[in-house]
Structure formats: C-alpha cells, structure tokens
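One structure below.
Protein chains: 2
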Amino acid sequence: MANKFVYMFNEADASMKNLLGGKGANLAEMTKLGLPIPQGFTVSTEACNDYYKQGEVVSQEVVSQIDQSLAELEKISGKTFGDNDMPLLVSVRSGARASMPGMMDTVLNLGLTDVSVEGFAKATGNPRFAYDSYRRFIQMFSDVVKDIAKSKFERVLDEYKEGRGIEVDTDLSAEDLREIAGQFKKIYEDAIGEPFPQEPRIQLMEAITAVFRSWNNPRANVYRRMHDIPYSWGTAVNVQEMVFGNMGDTSGTGVAFTRNPATGENKLYGEYLINAQGEDVVAGIRTPNPISTLEDDMPEIYDEFVAIANRLEQHYKDMQDMEFTIENEKLYILQTRNGKRTVAAALKIAVDLVEEGMISQEEAVLKVDPKQLDAVLHPAFDEKALAAAEVLATGLPASPGAAAGKVYFTAESAKDAHENGERVILVRLETSPEDIEGMAAARGILTVRGGMTSHAAVVARGMGTCCVAGCGEIKINEAEGFFTVKGKTFKKGDYISLDGTTGNVYGEDISTVDPEISGDFATLMGWADGIRTLKVRTNADTPEDSAKAVTFGAEGIGLCRTEHMFFGEERIFQMRKMILSSTEEERRLALDKLLPYQREDFEGIYEAMEDRPVTVRLLDPPLHEFLPQEEDAIQKLADDMTMSVADLKEKIASLHEFNPMMGHRGCRLAVTYPEIAEMQTRAIIEAAIAVKESKGYDLLPEIMIPLIGDVKELKYVKDIVVKTADAILEEKGSDLKYLVGTMIEIPRAALTADQVATEAEFFSFGTNDLTQMTFGFSRDDAGNFLDEYYGKKIYEADPFARLDQTGVGQLVQMACEKGRQTRPDIKLGICGEHGGDPSSIDFCHRVGLQYVSCSPFRVPIARLAAAHAAINNR
Amino acid sequence: MANKFVYMFNEADASMKNLLGGKGANLAEMTKLGLPIPQGFTVSTEACNDYYKQGEVVSQEVVSQIDQSLAELEKISGKTFGDNDMPLLVSVRSGARASMPGMMDTVLNLGLTDVSVEGFAKATGNPRFAYDSYRRFIQMFSDVVKDIAKSKFERVLDEYKEGRGIEVDTDLSAEDLREIAGQFKKIYEDAIGEPFPQEPRIQLMEAITAVFRSWNNPRANVYRRMHDIPYSWGTAVNVQEMVFGNMGDTSGTGVAFTRNPATGENKLYGEYLINAQGEDVVAGIRTPNPISTLEDDMPEIYDEFVAIANRLEQHYKDMQDMEFTIENEKLYILQTRNGKRTVAAALKIAVDLVEEGMISQEEAVLKVDPKQLDAVLHPAFDEKALAAAEVLATGLPASPGAAAGKVYFTAESAKDAHENGERVILVRLETSPEDIEGMAAARGILTVRGGMTSHAAVVARGMGTCCVAGCGEIKINEAEGFFTVKGKTFKKGDYISLDGTTGNVYGEDISTVDPEISGDFATLMGWADGIRTLKVRTNADTPEDSAKAVTFGAEGIGLCRTEHMFFGEERIFQMRKMILSSTEEERRLALDKLLPYQREDFEGIYEAMEDRPVTVRLLDPPLHEFLPQEEDAIQKLADDMTMSVADLKEKIASLHEFNPMMGHRGCRLAVTYPEIAEMQTRAIIEAAIAVKESKGYDLLPEIMIPLIGDVKELKYVKDIVVKTADAILEEKGSDLKYLVGTMIEIPRAALTADQVATEAEFFSFGTNDLTQMTFGFSRDDAGNFLDEYYGKKIYEADPFARLDQTGVGQLVQMACEKGRQTRPDIKLGICGEHGGDPSSIDFCHRVGLQYVSCSPFRVPIARLAAAHAAINNR
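Protein sequences, first through last, are from chains A and B. Using this note's numbering, you'd call the opening residue of the first sequence number 1 and step up by one each time. Using this note's numbering, you'd call the opening residue of the second sequence number 1001 and step up by one each time.
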C-alpha cells in the first residue's frame, strides 16, 4: 500500500488536522482522551485531492481502504453494514481543515434499506423510530447527495400531517412514517429516474463522492476566495457509527458552547431536544430547551456533559462548540471544535483566557482573526431598530458600515445639506471624481451602477464611508431628483438607511452606534502592539481622516494623496485653468492661486499627526480627470474661462487617452510640467516650517514621487523638489529636514531598484498599480473576466485584495533586496490597499518592510495582523 | 595629475578612438604613420563628460592641460599663439567616437585678432589672404560658437560685392576684405552686446566649450536616439595648427574617397578647389574640379596624394574619406575616416575587399550596417523620375518605401480597385481595424492624422507597405471623396505618389523599381547566413506575406496573427454575430461559419511556408475592436442582425473598456469563450492535415496562446487546444505533430516562467506588450510625453524600437533561465517588433534565443544583424 488514505479514529490525533480535517482530527483526539465517541474512520483530504487528480474518480486504492476500515468498524461495533437484522448505520460528514459552510454537510442513518429497516425495527423494538430514521435518511441522501430540493419532501410531510390532522412530527405513528418513507422514495425515483439505492455500500460510496464533489461547488469556491482557503487543501470525509437521539424520551440531541459565542460570557451555552435527531435542533419546528434545563431532565448526563465540556476547553485552550447525542441515557460526543464567535465574544474570550491563566498574551492575540475586527470598526445599526426594519432593496456590499440620512442626488446638494448639519446619503447612477466633495460630505453612498471596484466603491472604502453599489433594482432620475423601487418613490430629503456590510437598503431612518476602541478590544490591541515589529501608518488625505486614524493607533501617514485636495469649488476652477493653460506662465499663475489652499491642507494634516511622519505623494492622476464631462459643466467652465465650448471640448478631447492607466500621469506630469511639482513642494515645506514653529512638533515630511520606472526620471523630479525646498529653507533660515523617495509601482522600478535607490531615500510599494502592471490587467476592466477565472480556479484570490506573493511579491522582494544593497538604511513601506490585508501584511513582515499603511478604519486590523505576523514568523 | 584629459597627436593612436573620438584618433594614427599632418592636440571625450558633470563648466584641470598642450604645439610649430607678428593659428573641430552630424563642426583660423592680422599679412606677404582668413574666422566663430545666423554675414558680403560690381569672392581685394571683416565684427557686437574677442586664449576656450555644448543640442540628441549612440560617450575636441589652401594659386583644398561612395567603384573619387579654404568646396559658390584633374594641375602633389590614399585604405582596410589642403605646393592631410556610403556601395565594397584579399568574409559582413539595408528592401522611386517631381506636401515617414497609384478614400473602394488591377493609394483621415482589407490592397497609405505609432503606421510597417502618416497640410473630405492641398484638389482616381522614407507626397505618378536580393547583396547575405546561429523567422498573416518573406530568407513564421483574418466582408459579419451572441450556442453557430475561412487561410500559409515551422497565435485583441464605430455601419449591422440600433449600441457600450490594453483580450478571451479557441485549433490542425497530405510537407504547427500571466491560465487554454486537436487527429488517423506554447508578454509570465514552462513547449517573447507593462505606459499614449523624456535625457532611445535591456531585458533573461531550468529543450524566440532591430537582436543572441521573428521586409536586416551578433559575441 503506497499511500494511506483512510484512518480509524483510534489511530490518529489532533495534530493530523491538515490530513484529516478539523472534524476528523478532533474525533480522533477525543477518542484518545477516552471520551464517549461513536467510532468510525476518516477518508483523508489527500483522497479528495486524488479524486480530482483522477478526473473526479475515487481510485481503487481509496475504495479498498474504505472497505477495510468499514470491516474494522464492524468489528468495533459488533454490527454488520448491510445486515438485515441489526445493521450498522453510519453518518457521513464533510470536514475540511478549516470549517467551511457551503459544502455538503451531513447524511445520517446511512445503511438503511427497505429490508434492513424492518430488522432494525424489530431489533430496537421501536418501529416508529426505525421508520423515522429511514425517512430522514431518504430525505437527507436525496437532498445532499442528489441535490433534490428539500421542499419537495417537506411538502409531502406537511400534506400528510394536514390530512391526518397531526400537528407535530412526534405524533406521527410508525405506520405513518413507513408510508411517508414510501412517498419519499417515489420523489427520489421521479427525480433521478431510478429507484432509491438498496445497496448500503453504494449508498456509502455515493455519499463520500458527494462530499468530494461539494468541495468544488460554486458556494464553496466563493467562500474559499473570501477566506483565503486554498483549493489544494481538499476536504476529508468522516464515516461514523450512528447513535440515536430519536429513540424515545430517554434520548435526545443538542449543541453547546463552553462560553457564550455572542458575548463571550464564561457560562455553558446551548440547546437540546428530547427524542430528536440532527437537524431538528436548528430546524425550528420544535423549540429546543436551553442547555441548563438538562440539569433537571437528566442530572447525571448533565454533570457528565459539563465535565467533558470543561475538559475539552482545558484541552484545546479555547471555547468549544460541541454536538452531543443521548441514546437511551447514554451520552455521546459527536463533534467538538473551537467555536465561531462574534468579534465582541472573541475579544472577551481571548482576554478572559489570559486572565484565567489558561493562555499567554501571544496566544490570545492569535485567537482573534484580524479580519473579524472590521465589524467593530464601522458604525453599526442599533440591533433592535434594525430588527424592526424592512429591506427595500439589495446591492453590492461595497464599503462596510451602516448609515442613515436624507437622500440627495447631486454632490453639491449633498455638500450643502451636510453643511447645514443634516445627515446625508448621496444617491447617484454612478459617481465620478467630480462628486468627491459630495461623497466626503455623505454618511453613506448608494449607486445604481458599478461593481465592487467602481469609483464609488473604491473611494468610499478609502474614506471608510458606508457604500452600497450597483443596486440595479432602483430606477433613478437624477435630473428630477427622485428614485423609485418596489413601487415606492423617494425624493430629495426622504430618509433611507444603508448597510454597507450586507448591501441592504432600508426605506427609513434607522439609528446607528459608533465604533470605539476600549475594554477588551483596547487590552488586546495593547498586547498586539507589544508584539509586532511592523509599524502601521495610514492613508489619509484630510485632517479629519488623519485625526481619526490616530485614534485608531496610526503611527504616521504612509500615503497622503494630493489629488482629492483639488476638487473644492474654487480649487477645481484654478486647477482647470492650470490644465487648460497654453503657456508655462499661465500655468504658474493658476498654480500660485492653488498654493495657499494646498499649504493650508498640509498644515491641518501636520497638526493632526503631530510628531508622526507624513508621506505626501505628488500629483498622480492624469489631468483629464479634473476636467468636466457633462454638457452643463463644460458650458459653465467655458463661460468662466471666456473660451468657446467648441475650443474647450477640443482641449478636453486632446487630453483623451486610450489607456489612461498607462498614460500621462504620476511623475510624468512633473517631468512635463515641473512647475506643478514646484508648487506642491513649496506647499509641503512651507506648511511644515509653519507648524514646526507654531506647535514645536519635530516634523520630517517625506516627499514621494509616484510612478517612476527609471532612476533618471526620479532624479529629474527629485532635483526640482530639492532645489525648491532648499531655497525655501535657506530663505526662511529653517533647519527642517525632509526626505525624498518614490513609489515602487511599475515593474521596471522594482527590476532596477538598485539604481533607483541611489536617489530614493525611501521606497513605498504601490501594490495596486504594481499588481495591474505585473498581471497586465486593469482593475477597472478585470471585473469582466475575473469571475470566469475564479470559477475555473485559475485564480483563487482577488489579486487586488490579497497580494500575489508569487508574481508581484517576487518584484517586491527583489526591490527590497536591491534597494538595501545600494542603501542599507533605506526606509521601506507599502501604501497599496494590500497594506490593510492580513495575509499580505504577513508577507510584508517577511520581506522586511518597516511599515504598512492602510485606510484609517483598517489600522487596528493591520496592528493585529502585524502582531500575528511577528508571532507566526518567529 | 590625476587624469589625462588632453593628448598631443604624437602621443596617441587609432586604438584610442573611444577616448579621442574618430577624428582625433586617426590624426594621431596618421602622425604615427609619418604622413604630412599639421600637428595639434585632442581634448578627450572624458573632458566633455567632466564638463557636464561639473554643471557645464570646464574644470581647472582641463584648462591647464589645454594650456600645456598649446605650449607644446607652439614648440612644434615654432610659432606663438597670440603673437602679433607671426601668430600660431589653429582650427577647432569636434570629433565624437561615431561620426555625428548635428554637432558643431569647425572653426578655422582661430587666433587672429585686429592686431595679429596685420602681422600675419606682413609675415605671409599676402594681406589679401590675411584679411580673407580673418573675415572667415569672424564669420565661423559667430556662427558656430555664438549661434549668430550665417545669413547675416552672407547678406553683408553679397551687398558689398554688388556695390562694387564684383562677381566672385576671389576678386575681392585685401582692402575690401578688411572692410568686410570690420562689418562682420559689428554684426557680432550687435548680436552679442560686446566686442569680438581680441584675446586668442579666450577665443580658444569659447570654441572648445561650444563643441562640448553642441554634444547636447536637440539635433545631436535626435541623431543619437536614431542611431543608438549613448549620451555618455561625449565628444572630443581637436585643436590643430592651420594650414592654408587660400594662400594663392599654388594652394588649394579638397575632399576625396578611395572608392566611389555612391556605387562602390574602386576608383579615387573627389573634388578640390584652388585657392580656397574649408567650406568653399561644398558651399557651391565656386564649382570644384574633379580630383582627376589635379593630376594635370599639380602632378607631383597628385601622385603623393594617390600614394597616401592607397596607403590609408590598406592601413584601415576600408574605403577612406579624406580631407586635404595644399599650402604653397605642400600637401597636408587634415582628416581620414572610413567613408559613409550608400547601401549599394557598402555591399560592393565589402564584397570587393574580400575578393581583393584585403579582408575576410566576417570582416566584410561587419562592414555593412544592417539598418542600412532597409533602403534596398522596399520599392524605390526611379531616380530620374523623382528628380523631375515636385513635393506636394510632407507628413511623417511612417513606413519606408515608395508607391504611386490612384487615390481611394474608403477601404472598400480601394479593395475593388485593387481587384480591377489598379495601383491603389488609400487616403484616410486616420485608419481603424475596419480598414484592414483596404490597407492590404493598397500600395501606399496616406493619413491626415496620427503619428509614428498610429494604427496606420504600425499596420503598414508590419505589411511592409509604404505609409505617410499625420500629413496635416491636407484637408480631406472622406464623405465626398476628395482632398485639397496647396489649392489643388485630388479626387478619387487621381494619381499621387508617396515616399514613406522621407514622408514626401507628390501629386503625380512617379515610376518605382522593386527590391531584389542579388549580386553583391546575395553574396554578402550568404556569408552572413554561414556565420549566424540565430534563426530568422517572419511575422506574417497571409500567404502573400509568407511567400515574400521566404524570398527574403525567412526560415519560418514566428508570429501569424489571426485577427486580421476576420476583417473580410463575410467574415466580419460572422465575427460580429459571434461577439454579439448571448448564448454559447449562437456563438458556436457563428464560429462554424468562420471555420472554413480560417482553415483556408492556414492552408495558404502552410503551402507558402512548405516545411518551415509556423507559429499561429490564437485570437488576441479585445472583441470590441471588431465592432463598427460609425453610425452608418452600426445601422447596417443592426439591420443585418435584426436587432435595434439602441440595443446594438448598448451592447457595444457594454464592451467598452477603460484600458483596453489591460482588458479582456489574449488568452482571457479563450478562458471566457473556449469555443473560439476550439474553432481556431480545428482550423489550424485540419489545414495542416490537408496540406501535409496534398503536398507532403513535414508540417509542425506551433499553437501560441497569448497574454498569459499564470501557468493555470495557460493550462486551461492548452487543455482545450489539446483536447480539440487530438480528437481531430484521432478521427482523421493522422500522425501530425504540433506544439503548444505561449507568448511571454506579461511581466508575471516572465517572473513565473519556471512554472509556465511546465505547460509551454515554447516561449515567444512579445516584447511590445512586455515593454508596455514593464514601463507602465501604453504605446498609444506615451507619445504625449516621450518627447519631453528624450529632451530631458531621461530616455535616450525609444523602448518600443530598441529593447530596453536593463529592465525588459532583465525579464527576458529571467524567463529564459527559468524556462530552461524546467524544460531544458524549450524553444525560445522573439516576435515583438524588436525582433527586427539590430541592437535588440544582439541581445537575443546573448540570452540564447533560438530565433528572432520580424516583418518580411526586415528579414534580411535580421539575418545580417544575427551574423554581427555571432561575431561580436565570440
């Protein structure tokens, strides 16, 4: 036997989780601990991978190992699979390395046939129980193995009960259930075109194959992509002897947590049902009892269960989620795992376990998933108010958080309303850069068109503003200022609420609660800060965002984009004048007007950041982004500038680019218009001198030149910056220091980083653009085909959300090495959106970056992820 | 003395060309040979680089070495610089490593002043000569050192002669010339604001500085970029004692070639003038005499010159271009260099020198610049007919060659006229992919808009069709079918002629002659083929291009693009139907209609290529490129497809991409629409089986999957290709072999080439796209800023014309190494436009590619360049 694909519970343990899945490994571990576990075996994840490698076929080797283990299980149980008198019945359940909804779950009572159900009835002396088990088996097998809609079976059951005047399932007699089983088999035969399988070994192999198949269903693929679970892990299958909670009133089944999974309270929490099996507890037909009442019903069983629960928590050093069954007053544990929990519970449990002396601070830090923090870092709806509200429509959950306010349909009116102290929701067909002020003024943004990477979605996430995008159900009339959905009309000033985490839109004003870092959250973050070595900065363009980021623990600004600063009313006019200038002189006049605004922006940001470092990126986007697109706006601008509409349109057309992402932007602007870089440098340096003098902060502005691909390009722009800055410092007699560095976001910059570092005092990896260029697809356009790529498993993760370590990461690592080779003390950081993604942060730690930078709301996530990285890479 | 920056002629030799420039090194070499050379010294190219390093200042060290060398020269000549009685006079001339027009050329007679000119007149006993020398000096210094327009001086001279009734310069008296010198000094003072310098050392330093400065003037920068000359080479400056051809009738000056530079004929060729200096020979005021008459005028001098010429040719083993001066019956050689020559002469001289036993075949191969061949590889105008023609307008020389024919304004009419046997010139405002058939039918293409990288230019170069682009002088009315220029109107059917090498447009039918490879050309190419190790393939999409390429020596097709094949009338309709299909079934129906066309295309190409390998690339461009853009065409298509114009427009809009270069194209199309790849594979394989059977050729189709960035992407498409191909082979019982490989054109593909090679049987480097992605700018948009980049010397060469070896080359090399690591026998080639560029071919040789592929007309260039690479890298 070349490979061992199947393991009995009694020949494995918890350390074999990768091979046997979480469920299988824990069943083995509990067997080892001597707990009352129905025995069985686990078909390994390698068998699953083998199944796919063979072209979706279970190889002969795996089949024969299953047969062998089944024989072994027959020996242990003293029963025979397929026996007509007292058959061995089993459950079949999937169990991957990480718990994964979306895959096939459970088939119970497998092994029953028309013949053996009779024997089973006799042997147990309980025909009602036997037929109940059989009809459940048929239903589950049909649903999860053969994908026959569950509702078909439920309808038959409901009609049967109605016909007999029966209210609850438990009132059905053995004969009723036998008849129902017959009808269930007919549903199966009608759907599949052949009779329900009467050969238990075929039932078993079909169920196992169905688990393998479910690893590759669309729901599982989506879930894996969301949670960074590699397809290559595969799933295991657990085959376990059945025990029965539905044998009468001395039997039952339940689930319990060692602590409260919603609050973290250290108190046994759970539910059970007497005379029930499997799904009955969660199905909602009968109301389960709280676990505490088990103490009254079966005091000995309860004590035994509490002792086991405590032992398991001590053993796994974490809150446990357990399934149990009581068969004729005998307790069996069917499963244990570290329980899923809300973020609040996660924080409390982690801190409590440390205080109880059970785990270390580091272990506590590892227990909280950084991604989970997202939920507590945005405003949320008041839960009671939400429960009473009705969903009006659903769009894409483009930027998390909750928001309620009055709808406005233009950026201008949104801004005005905000200034009048109103809570504003901006509703647009889609947004464009012109809407930026209105977006900044809004608590939430709703668009009818556009996906997860549309302008609205990207900007909103950067701002930490709640956004629901692409809500196509809504018909909007922007011109007249109303939208309709489900026959209702919402006009300017009407209230709506948005949930950016679910994509839900509500037609009313739902109250919200704000996030804060305190209590257990603050304690845990403190521990994380003590562990991590990566600094965490923020991407912020305004004093408000900067201040918010500081409260979330930001240690500096890693990316201050200057382009958003030019969209204010007077600014955009001067900006457009600058762009439309035909001589350097005209351009300088317009830039002179922009200088005071820009200087004021930086002063505000420096004041918010105090002594912390601030990296300012020089103007980056192509200039045409600042020009108006709509007829009205063009007419107005033409009037303002006393030029003809035709001339203005021609100028706008002349700035058109075929591939703007690869066009005249970044440092290329500063090469062609050095005066723009001069003005920005002046604003950065003059503001720093002013704030240094007035507040006494120890400022060190970092001036970042974007999009360079060649050291000569960097040197050209750096020379302009240094000449301008040094002249100001000399004129003002200031001893302010500053750094000049660059973004590494073009593959060629990474490939030639040794040369680039001769000029750059720091590198900041712009992994958004670097990903685009390295993959050769633009974020705006990739949406058209990436779904096919996920579906066909060419990509498993969105490379814009999770750094592609194989390709893009290779360039990052190369640039780090080459940069340090030239300049050993070079500052290295990342400012792409990956800076807030935990798996990417781990990579940043490993390649030796000094800091990551992310949007303010992701700062705590990054702090925690950085601590994880420090621990996991020791 | 840390660095030696200045060398006397008698302390150097020809091997020091890099340091002293061509002129300086040859003057030193001739001094060493004992030839009659006026002595002097050379300020080195390192001094020039030092000048720029110091911020355009000649460092003290260089100045003092110049002074020292000047003192040495005084010793040798027995004269003193700045002496009032018999001053040492010098010429100052630039001299770079490679001969470079566009830089400062020559200042003669430097050292004369108001005072010393009198002494010089007395000492030579020739006042007329002395003043002539002085006025020439003032004029040359003003022109080349101070940039004062030459015409100002010529006007004064002309007016003076007219006033005196004098016809030729030689009739001017000493007094006349003295007066003219006075007026020249006034022009100088008016222009510069200070008197003409009377201090010879200042004159000298200003002249030397002017040579350094001229290294960086715009003309020199453009020339360098065109000829791959690095800015870092710098120029040297030669300071040489004057000898005078203008001392009377026993003096003279001339230029001569050891062989005829136009034809290569082995016969002394040149011109001279008696009593003249420098530029007089080429200025055209006096008609020079052919060199042969010197035998009659001064037989001894002639014999001496012939002997020297022969000796120099023997010494340098190449045709020499010499300047000489006779001063009072004494011969001086002022310069020798390998002479510039026409391509015909280059070929003849190279072959003759081998036949004369002077050089080896390898040396002969190295003597012909591959780029020069371009001129003989396209049709050219009959020279006599051209001489009589008048230029109508001038546009950009977008694709070389000459063409004459009748103008047509639409692709359709051009195609019809071509089918009727007419010679066609297609004239368009600008071209789009829809025009492809008309472009293919045309002998020449003229566009009013668009640059060197416009659609028309790129496609025309690929086809080897003559193209003049962006000819803005022309006003075109496509709708009514005429254009006007300079008041003339040209209607459909009128004759015009285009010169794609100069950009000239002629308003008449000029006869052309076709290129062929024969005689010396064929001989030399045969030698090159014996030397080179790189194979040369062609990029060809039609049987015609394939056949043409074979006559030029192509050894296979490296890139057969399939997209152009879909623009035929019936094809484009089916193609559009395919694109607009909403179900796979509809798409397959349209593809079935396209299959026979595509199969026929491949059959024709296979037949043209016989046993040679053919690489076919699967569909690459974004689908929206196939959809119509104009109202009429949209209306027609909507009618054809019985859908509404509005629906069609919406569908077209839905295919719009923000950055099409980074959008849904290449293998991404095959991932989303596998049926397209299936159809193309079927056509490739079925055609190969058919031609293999009917002609017996040993075919090996190479199927190339474009734009991959991940091995899984390649595997997905490869699986489709292999499954389809193998099914056909099995069905037809054929033993045809085929390869499946990929283009490496996305940085990530290069970075992960070790993985990609697990699936790819060959790599073909698509360096056009790889350059775009690595630099992060698109070819279509970079035109907006690249000129600034050249001007500011951030880039010295167009990375789309010459492979960027530092950045892009690093990826190519990495991919070669990683590819071979996985698959040691992997086929490696290049199919980007760089495949026809000599310096890039040298790189391809060095990294170990097996072949380059280029457009048919560049095949001989590539063959020769590959031979150069083989020799130069031994």
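Glycine included, C-beta positions come from ideal geometry on N, C-alpha and C.
ask   = Going by the CB atoms, is the gap between residue 1709 (chain B) and residue 785 (chain A) shorter than 7 Å?
value = Translated into the one-based positions of the first sequence, residue 785 (chain A) becomes position 785. Translated into the one-based positions of the second sequence, residue 1709 (chain B) becomes position 709. No; because the gap between Cβ atoms is not below 7 Å, this pair is not in contact.
key: Cβ of residue 1664 (chain B) within 7 Å of any chain A Cβ   = Residue mapping note: residue 1664 (chain B) aligns to position 664 of the second sequence, counting from 1. Taking Cβ atoms only, chain A reaches closer than 7 Å to residue 1664 (chain B), which makes this a yes.
request  = For residue 425 (chain A), name the three-state secondary structure that DSSP assigns.
outcome  = Taking the first residue of the first sequence as 1, we reach residue 425 (chain A) at position 425. Strand at residue 425 (chain A).
query = Is the CB-CB distance between residue 1557 (chain B) and residue 1533 (chain B) below 7 Å?
reply = Within the second sequence, the letter at position 557 stands for residue 1557 (chain B). Within the second sequence, the letter at position 533 stands for residue 1533 (chain B). It is not a contact, given that the beta carbons lie outside the stated cut-off.
key: Nearest neighbour of residue 1762 (chain B), chosen from B:1735, B:1728, B:1701 and B:1727 [CA to CA]   = Residue 1762 (chain B) sits at position 762 when you count from the first residue of the second sequence. Answer by Cα proximity: B:1701.
message = Let's see if you can read the secondary structure: which residues bound the beta strand (DSSP E) around residue 321 (chain A)?
response = Along the first sequence, one-based indexing puts residue 321 (chain A) at 321. 320-327 is the extent of the beta strand (DSSP E) around residue 321 (chain A).
task = Only counting runs of 3 or more residues, tell me where the beta strand (DSSP E) segments fall wholly within the region 33-67 of chain A, in order along the chain.
result = 40-43
key: DSSP-derived helix/strand/coil call for residue 1401 (chain B)   = Start at 1 with the first residue of the second sequence, and residue 1401 (chain B) comes out as number 401. Looking at residue 1401 (chain B) - three-state DSSP - the assignment turns out to be coil, as it is neither helix nor strand.
key: Cross-chain neighbours of residue 1780 (chain B) in chain A, by beta carbon under 9 Å   = Looking up residue 1780 (chain B) in the second sequence gives position 780. Under the 9 Å cutoff, chain A gives 657, 658, 659, 662 and 663.
task = For the alpha helix (DSSP H) holding residue 1673 (chain B), just list the boundary residues, first then last.
result = Position 673 of the second sequence, counted from the first residue, corresponds to residue 1673 (chain B). Residue 1673 (chain B) -> no alpha helix (DSSP H), and no H or E assigned at all.
ask   = Can you tell which of A:207, A:346 and A:303 has the C-alpha that lies nearest to the C-alpha of residue 266 (chain A)?
value = For the purposes of this step, residue 266 (chain A) is identified with residue 266 of the first sequence, where counting begins at 1. Looking at the Cα atoms, A:346 is the closest of the given residues.
task = Taking a Cβ distance cut-off of 8 Å, strictly less, list which residues of the region 427-459 of chain A are near chain B, in chain order.
result = none
ask   = Can you tell me the Cα-Cα spacing of residue 62 (chain A) and residue 45 (chain A), whole angstroms?
value = Within the first sequence, the letter at position 62 stands for residue 62 (chain A). Within the first sequence, the letter at position 45 stands for residue 45 (chain A). Computed Cα separation, rounded: 12 Å.
key: Contacting positions in the region 706-734 of chain A - beta carbon closer than 8 Å to chain B   = 707, 709, 710, 712, 713 and 716
query = What are the start and end residues of the beta strand (DSSP E) that includes residue 1491 (chain B)?
reply = By one-based count along the second sequence, residue 1491 (chain B) stands at place 491. Looking at the DSSP string, the run of the beta strand (DSSP E) that includes residue 1491 (chain B) is 1488-1491.
key: Cβ-Cβ distance between residue 503 (chain A) and residue 395 (chain A) below 7 Å   = As a working note, residue 503 (chain A) is residue 503 in the first sequence. As a working note, residue 395 (chain A) is residue 395 in the first sequence. Yes, these two residues count as a Cβ contact at 7 Å.
ask   = In the DSSP assignment, what are the bridge partners of residue 700 (chain A)?
value = Mapped onto the first sequence, residue 700 (chain A) falls at position 700. The partner list for residue 700 (chain A) (beta bridge, DSSP) is empty, contrary to what the question assumes.
query = Given a limit of 9 Å on CB to CB distance, which residues of the region 557-576 of chain A reach chain C?
reply = Here the protein chains are A and B, and chain C is not one of them.
ask   = Name the chain B residues whose beta carbon is nearer than 9 Å to that of residue 583 (chain A)?
value = Along the first sequence, read from residue 1 onward, the residue named residue 583 (chain A) stands at position 583. Correct list: empty, because the minimum Cβ distance to chain B is about 16 Å.
query = Does the region 1236-1254 of chain B come within contact of the region 1018-1031 of chain B, defined as at least 3 CB pairs closer than 8 Å?
reply = yes
task = Compute the distance between the beta-carbons of residue 871 (chain A) and residue 362 (chain A), then report whether it is under 7 Å.
result = By 1-based counting over the first sequence, the position of residue 871 (chain A) is 871. By 1-based counting over the first sequence, the position of residue 362 (chain A) is 362. A contact, by the Cβ cut-off of 7 Å.
task = Tell me, to the nearest whole angstrom, how far the beta carbon of residue 1819 (chain B) is from that of residue 1849 (chain B); I am working on the premise that it is less than 8 Å.
result = Along the second sequence, one-based indexing puts residue 1819 (chain B) at 819. Along the second sequence, one-based indexing puts residue 1849 (chain B) at 849. Contact doesn't hold; Cβ gap of about 11 Å is too wide.
inquiry  = Quick check on the DSSP output: what are the complete beta strand (DSSP E) runs of length 3 or more inside the region 340-405 of chain A, in order along the chain?
reply    = 391-394 and 396-399
query = Got a sec: which bits of the region 1022-1038 of chain B sit with their beta carbon under 9 Å from any beta carbon on chain A, in order along the chain?
reply = none
ask   = Given a threshold of 16 other Cβ atoms within 10 Å of its Cβ, counted over all protein chains shown, does residue 1868 (chain B) qualify as buried or as exposed?
value = In the second sequence, residue 1868 (chain B) corresponds to position 868, counting from 1. Residue 1868 (chain B) is buried by the Cβ-count criterion.
task = Give, in chain order, every unbroken run of the beta strand (DSSP E) that is at least 3 residues long and sits entirely within the region 1798-1840 of chain B.
result = 1827-1830
ask   = What runs of the alpha helix (DSSP H), each 4 residues or longer, lie entirely inside the region 703-787 of chain A?
value = 711-732, 747-751, 753-756 and 767-775
inquiry  = Relative to the C-alpha of residue 1520 (chain B), which candidate in B:1617, B:1373, B:1622 and B:1483 has its C-alpha closest?
reply    = Mapped onto the second sequence, residue 1520 (chain B) falls at position 520. Among B:1617, B:1373, B:1622 and B:1483, the Cα nearest to that of residue 1520 (chain B) is on B:1373.
ask   = Expressed to the nearest angstrom, what Euclidean distance is found between the alpha-carbon atoms of residue 591 (chain A) and residue 720 (chain A)?
value = Start at 1 with the first residue of the first sequence, and residue 591 (chain A) comes out as number 591. Start at 1 with the first residue of the first sequence, and residue 720 (chain A) comes out as number 720. When rounded, the distance between both Cα atoms is 16 Å.
task = Look up residue 208 (chain A) in the DSSP assignment and say whether it is helix, strand or coil.
result = Translated into the one-based positions of the first sequence, residue 208 (chain A) becomes position 208. Residue state, collapsed to three classes: helix.
request  = Throw me the rounded Cβ distance for the residue 1667 (chain B) and residue 1615 (chain B) pair, which I believe falls under 8 Å.
outcome  = The residue you call residue 1667 (chain B) lines up with position 667 of the second sequence. The residue you call residue 1615 (chain B) lines up with position 615 of the second sequence. Actually they are not in contact, since the Cβ atoms of residue 1667 (chain B) and residue 1615 (chain B) sit about 15 Å apart, beyond 8 Å.
Cβ shell of residue 1391 (chain B) (< 6 Å), same chain only, five flanking positions each side left out = Position 391 of the second sequence, counting from 1, holds the residue named residue 1391 (chain B). The residues are 1504.
ask   = Rounded to a whole number of angstroms, what is the C-alpha to C-alpha distance between residue 1125 (chain B) and residue 1249 (chain B)?
value = Your numbering for residue 1125 (chain B) matches position 125 in the second sequence. Your numbering for residue 1249 (chain B) matches position 249 in the second sequence. If I take the Cα positions, the gap works out to 15 Å.
message = Please classify residue 1280 (chain B) as buried or exposed, where buried requires at least 16 other C-beta atoms within 10 Å of its C-beta.
response = Sequence index remark: in the second sequence, residue 1280 (chain B) carries index 280 (1-based). So residue 1280 (chain B) counts as buried.
request  = Starting from residue 1052 (chain B), find everything on chain A with Cβ-Cβ shorter than 8 Å and list it in chain order.
outcome  = By one-based count along the second sequence, residue 1052 (chain B) stands at place 52. The premise fails here: residue 1052 (chain B) is roughly 14 Å from chain A at the closest Cβ pair, so nothing lies under 8 Å.
query = residue 146 (chain A) by DSSP, collapsed to three states: which one?
reply = Counting from one through the first sequence, the residue named residue 146 (chain A) turns up at place 146. DSSP places residue 146 (chain A) in coil when its eight states are reduced to three.
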